[in-house]
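Colleague: Going down the list, the sequences are from chains A and B. Taking the working numbering, the leading residue of the first sequence gets 3, the next gets one more, and so forth. Taking the working numbering, the leading residue of the second sequence gets 248, the next gets one more, and so forth. We put the beta carbon where it would ideally sit given N, CA and C, even for glycine. These figures come from a predicted structure and were not determined experimentally.
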Amino acid sequence: MRRQDTIVLRDLTKVFSLGLLGRKKIIAVDRVNLEIRSGEILNILGESGSGKSTIAKMVLRLLRPTKGEILFNNTNIWRMTKWKDIKEYYRRVQGVFQDPYSSFNPRRRVLDVLYDTLYNYFPEYREDKVSAKKYIAEALESVGLNINDIEGKYSHQLSGGQLQRASIARALLPKPSFIVADEPVSMVDASTRIDILNIFIDLKEEYGVSPIIIGHDYSLAYYASDRIVVLYKGQIVEEGPPEVLEDPAHPYTRLLKESVPLIDRKWSKKLEYSIGDIEVSRRGKGCIFADRCPFKKPICEQKEPPVINLGKSKVKCWLYASK
Amino acid sequence: METILELEDYKVYYKTLSGYVRAVDGVSFTIKKGEIVGLIGESGCGKSTLIMSLVIRKPPMIVMGGKARLKSIDLVNISEKERRRILLTKISIIPQYALDALPTIKKIKTFLKDIAKDKGVPEEEVLEKFIERARIIGLPSEVVNMYPIELSGGMRQRVVITLATIFSPDLLIADEPTSALDVTTQRHVLELLAELRDTGIIGSLIFVTHDIASVRQIADKIIVMYAGKVVEIGETEDIVTDPKHPYTRKLIEAVPKLGINYKKKRLSGLPGSPPSLLNPPPGCRFHPRCPLVMATCKTREPPLKPLNGTRLVACWLYDQSKGEQS
């Protein structure tokens, strides 16, 4: 029987201060509520500036939230005081990042970095080099790498795809419950992206590790997920099973769907949305998407929309308020 | 139709201590006026070397042979002075990471003045033209007084596009113009590039990318490169719906369509990685990764040959003597 772990985000908020006196505020993550259960692949979909990486950093306990809390099995991870508990959290929730070349120290051999991670979490392996090697070889095998292929090599001697696999293997060593992967395929060649995503799927199916994949690619998100969360300017605008991407309810998700180049579809009609650069658009008191939305009603600019339950999915939009 | 670019057996190598890296090894194709051509392949297939060699040539890059003509200009035996002269006016490039191509400490205006000086054109003329073009491209005229750092990624990309097309070049080369952009901005930039062609601001466009899905949206023709060679050329629709070369097929299969979830169907990418071009494999360079490899492929190199109509394929599967294999 697999252990059930949960990560609950409750009103999670992160505000960054800019400027000399910190007068300018940027709300990167805005009251996000989300429950992440083990045994599913969660995909967080958003463009740059949506706050997706900020959420990843907060969940990985690398960045302190401004408000709200992150509960791991009902314990607030930012209230942990004992190093033992904190270390245990780091062990259970591991990270994989966008650029594998900056995840590895270029002056050290890739395999040595893996040994460090292993000894850090399981010091007993220090005494038993044979088992340690076997353990690492198994982790590498589960991501499709052979230990002999990376033996003695530095990060620059491996291809991007190989190195990203190695960084997933590194994240697996502490036997985590969750792996938070922030844009794990955006720097990998288009021809190998699917294979990297397949690894995360296998990890869930065969090893019981639950991936939280963060990305901006629409069809890749559809492919590798059990549940999708669409993020815009720090807020969750739509949430549901992958099928919501086929027939999205929120106008922003629809805009995404219209904009992505898909191999089996050619853009036909003109886009009815205005060019909006996510970083420069304003944030009023109403809906965060109101300034770009073609279906805007007066209420959208005055009052924040509620989260509406549509059965299979949830959407934060006034269009569905009467239903 | 007028030919804009013509390459014949074009070779660009890099000289290294261990020998020549044959990054572009005997490439032939033509681009007609008004065409948008997508140049695709994995990283390390030579596509960036190919286009950079047309614009700027710095050691250790060496053009080893073959022909490259831009209209009547011989790009192989061109003098450095002449090359500088035709840059922006006849041939222009939107480099990869164009977002970072602008100097952060210069106002766009200062940068425009530098261009005017370099081209020997009055400053006002360049400024006026920039503002006029900026309007078409959807940039407010205030950007000339701004620093690049004040602009968002999409706006900076549009500034670079405006700069690159200010003298209406015959050929515009865009190297991964959308990969650093957001999805919603990507579509605007791609449509903009097509519009530049439609309105005649640029003659033809070479669009270099590994993202076939975005090439599909605007390109008329696709050229597929692998390990320094062209393996397939054809009309966009034909290539996407019926790829002939096993490499092209794999590339297209590796891009998921919308509506495929792993529970319904497991997709697979292309295993392995492109060979080292220092010492490429004999015969067909794709043979070590090809699922349909035959004995001939390991020893003899397949020529790029026409196959029904407009398609060109370099693969022994389609050798005329054997007929088409299904």
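Would A:Thr-56 count as contacting chain B if we go by Cβ distances under 9 Å?
Modeller: One-based indexing of the first sequence puts residue 56 of chain A at position 54. So, not an interface residue.
Colleague: Determine whether the Cβ of A:His-158 lies closer than 9 Å to any Cβ atom of chain B.
Modeller: For the purposes of this step, residue 158 of chain A is identified with residue 156 of the first sequence, where counting begins at 1. No - not a single Cβ of chain B is within 9 Å of the one on A:His-158.
Colleague: Since B:Leu-419 contacts B:Ser-339 with CB under 8 Å, what's their CB separation in whole angstroms?
Modeller: Stepping through the second sequence from its first residue, residue 419 of chain B is reached at position 172. Stepping through the second sequence from its first residue, residue 339 of chain B is reached at position 92. The pair is a contact, with the Cβ atoms about 5 Å apart (cut-off 8 Å).
Colleague: Taking the C-alpha atoms as reference points, what is the distance between A:Phe-202 and A:Pro-213?
Modeller: As a working note, residue 202 of chain A is residue 200 in the first sequence. As a working note, residue 213 of chain A is residue 211 in the first sequence. Distance between the alpha carbons of A:Phe-202 and A:Pro-213: 6 Å.
Colleague: Verify the CB distance criterion: does A:Leu-22 have a CB-CB separation below 9 Å to chain B?
Modeller: Working through the first sequence from its first residue, we reach residue 22 of chain A at position 20. A:Leu-22 does not count as touching chain B.
Colleague: Counting only Cβ pairs nearer than 7 Å, list the residues of chain A close to B:Gln-464.
Modeller: As a first step, residue 464 of chain B is located in the second sequence; it is residue number 217 there, counting from the start. Chain A residues near B:Gln-464: Pro-263, Lys-268 and Trp-269.
Colleague: Helix, strand or coil for A:Ile-280? Go by DSSP, reduced to three states.
Modeller: Taking the first residue of the first sequence as position 1, residue 280 of chain A is located at position 278. The predicted position of A:Ile-280 is uncertain, since its pLDDT is 44 and thus under 50; a value taken from the coordinates is nonetheless stated next. In this structure, A:Ile-280 counts as coil in the three-state DSSP scheme.
Colleague: Is A:Trp-85 buried or exposed, if buried means 16 or more other CB atoms sit within 10 Å of its CB?
Modeller: Here residue 85 of chain A refers to the residue found at position 83 of the first sequence. Flag for A:Trp-85 reads exposed.
Colleague: In whole angstroms, what separates the C-alpha of A:Ala-251 from that of B:Leu-551?
Modeller: Counting from one through the first sequence, the residue named residue 251 of chain A turns up at place 249. Counting from one through the second sequence, the residue named residue 551 of chain B turns up at place 304. Taking the straight line from one Cα to the other gives about 48 Å.
Colleague: So is A:Leu-205 in contact with chain B if we call contact Cβ pairs under 9 Å?
Modeller: Looking up residue 205 of chain A in the first sequence gives position 203. Cβ-Cβ to chain B under 9 Å: no for A:Leu-205.
Colleague: Beta-carbon of B:Gly-367 versus every beta-carbon of chain A: anything under 9 Å?
Modeller: Looking up residue 367 of chain B in the second sequence gives position 120. It does not; no Cβ of chain A falls within 9 Å.
Colleague: Using a 10 Å radius around the Cβ and a threshold of 16 neighbouring Cβ atoms, would you call B:Arg-269 buried or exposed?
Modeller: Walking along the second sequence from the start, residue 269 of chain B turns up at place 22. With 16 or more Cβ atoms within 10 Å of its Cβ, B:Arg-269 is classed as buried.
Colleague: Three-state secondary structure (DSSP) at A:Lys-131?
Modeller: Position 129 of the first sequence holds residue 131 of chain A. The answer is helix: DSSP assigns A:Lys-131 an H, G or I state.
Colleague: For the segment 54 to 61 of chain A against the segment 179 to 192 of chain A, do three or more pairs of beta-carbon atoms, one drawn from each stretch, fall closer than 8 Å, so that the two count as touching?
Modeller: Counting Cβ pairs under 8 Å, three or more are found: they touch.
Colleague: Would you tell me roughly how many angstroms separate the C-alpha atoms of A:Ser-283 and A:Leu-65, rounded to the nearest one?
Modeller: On the first sequence, residue 283 of chain A is found 281 positions in, with the first residue counted as 1. On the first sequence, residue 65 of chain A is found 63 positions in, with the first residue counted as 1. Note on A:Ser-283: pLDDT 46, under 50, position unreliable in the model; the coordinate value appears next. Those two C-alpha atoms are separated by around 25 Å.
Colleague: Examine chain A for any beta-carbon lying closer than 9 Å to the beta-carbon of B:Asp-485, and answer yes or no.
Modeller: Within the second sequence, numbered from 1, the residue matching residue 485 of chain B stands at position 238. Taking Cβ atoms only, chain A never reaches closer than 9 Å to B:Asp-485, which makes this a no.
Colleague: Check A:Leu-22 in the structure and name its three-state DSSP category.
Modeller: Within the first sequence, the letter at position 20 stands for residue 22 of chain A. If DSSP states are grouped into helix, strand and coil, A:Leu-22 belongs with coil.
Colleague: If you run the structure through DSSP and keep just helix, strand and coil, what is A:Tyr-156?
Modeller: The count along the first sequence starts at 1 and reaches residue 156 of chain A at position 154. Three-state DSSP puts A:Tyr-156 in a strand.
Colleague: Rounded C-beta distance between B:Lys-491 and B:Leu-554? I'm assuming under 8 Å.
Modeller: Looking up residue 491 of chain B in the second sequence gives position 244. Looking up residue 554 of chain B in the second sequence gives position 307. Confirmed, Cβ separation roughly 6 Å.
Colleague: Quick check: the Cα distance between B:Leu-386 and A:Lys-26, rounded to an integer number of angstroms?
Modeller: Counting from 1 along the second sequence, the entry for residue 386 of chain B is found at position 139. Counting from 1 along the first sequence, the entry for residue 26 of chain A is found at position 24. Roughly 25 Å between the two C-alpha positions.
Colleague: Relative to the alpha-carbon of A:Trp-80, which residue among A:Arg-63, A:Leu-22, A:Phe-291 and A:Glu-245 has its alpha-carbon at the smallest distance?
Modeller: Residue 80 of chain A sits at position 78 when you count from the first residue of the first sequence. If we check each option's Cα against that of A:Trp-80, A:Arg-63 comes out closest.
Colleague: Taking Cβ positions only, does A:Lys-314 come closer than 9 Å to chain B?
Modeller: For the purposes of this step, residue 314 of chain A is identified with residue 312 of the first sequence, where counting begins at 1. Answer no: the Cβ-Cβ gap between A:Lys-314 and chain B never drops below 9 Å.
Colleague: Grouping DSSP H, G and I as helix and E and B as strand, with all else coil, what is A:Lys-136?
Modeller: If you number the first sequence from 1, residue 136 of chain A lands on position 134. The answer is helix: DSSP assigns A:Lys-136 an H, G or I state.
Colleague: Can you check which of these residues, A:Ser-221, A:Arg-172 and A:Arg-33, is closest to A:Asp-249 by C-alpha distance?
Modeller: Residue numbering aside, residue 249 of chain A sits at position 247 when the first sequence is read from its first letter. Closest option to A:Asp-249, Cα to Cα, is A:Ser-221.
Colleague: According to DSSP, A:Val-2 sits in a beta bridge with which residue or residues?
Modeller: Here chain A comprises residues numbered 3 to 325, so residue 2 of chain A is not present and cannot be evaluated.
Colleague: Using Cβ-Cβ distances below 8 Å, what residues of the segment 488 to 506 of chain B are close to chain A?
Modeller: Residues Lys-497, Leu-498, Ile-499, Ala-501, Val-502, Pro-503, Lys-504, Leu-505 and Gly-506.
Colleague: Who are the neighbours of A:Leu-258 on chain B, taking C-beta pairs under 8 Å?
Modeller: Position 256 of the first sequence, counting from 1, holds the residue named residue 258 of chain A. Here the neighbours are Val-430 and Thr-431.
Colleague: If contact means a Cβ-Cβ distance below 8 Å, which residues of the segment 296 to 329 of chain B contact chain A?
Modeller: So nothing in the stretch comes that close.
Colleague: Using CA atoms only, rank isn't needed, just tell me which of B:Ile-333, B:Leu-346 and B:Glu-249 is closest to B:Lys-366.
Modeller: Along the second sequence, one-based indexing puts residue 366 of chain B at 119. Nearest option by C-alpha distance: B:Ile-333.
Colleague: Would you mind reading off the limits of the beta strand (DSSP E) that contains B:Lys-476?
Modeller: In the second sequence, counting from the first residue as 1, residue 476 of chain B sits at position 229. Taken as a continuous stretch (DSSP letters only), the beta strand (DSSP E) holding B:Lys-476 covers 476 to 482.
Colleague: Enumerate in chain order the residues of its own chain whose CB-to-CB distance from A:Asp-13 is below 8 Å, with the five nearest sequence positions on each side excluded.
Modeller: Against the first sequence, residue 13 of chain A aligns to sequence position 11. Arg-33, Val-34, Asn-35, Lys-69, Gly-70 and Glu-71.
Colleague: Within its chain, find whatever has a CB closer than 7 Å to the CB of B:Thr-250; leave out the 5 residues flanking it on each side and keep chain order.
Modeller: Taking the first residue of the second sequence as position 1, residue 250 of chain B is located at position 3. Contacts found: Thr-277 and Lys-279.
Colleague: Below 8 Å on the Cβ atoms is my contact criterion, and I expect A:Gly-163 with B:Ser-520 to pass it. Report the Cβ-Cβ distance as a whole number of Å.
Modeller: Within the first sequence, residue 163 of chain A is the residue found at index 161, counting from 1. Within the second sequence, residue 520 of chain B is the residue found at index 273, counting from 1. The pair is a contact, with the Cβ atoms about 7 Å apart (cut-off 8 Å).
Colleague: Can you find a C-beta in chain A that's less than 9 Å from the C-beta of B:Asp-445?
Modeller: Walking along the second sequence from the start, residue 445 of chain B turns up at place 198. No, no contact with chain A.
Colleague: Among the candidates B:Leu-428, B:Val-406 and B:Lys-294, whose CA atom is the shortest distance from the CA of B:Val-226?
Modeller: Residue 226 of chain B cannot be examined here, being either before or after the span of chain B that is shown, 248 to 573.
Colleague: Under 8 Å, with one C-beta from each stretch per pair, do the segment 254 to 269 of chain B and the segment 433 to 452 of chain B reach the 3-pair mark?
Modeller: The segment 254 to 269 of chain B is not in contact with the segment 433 to 452 of chain B.
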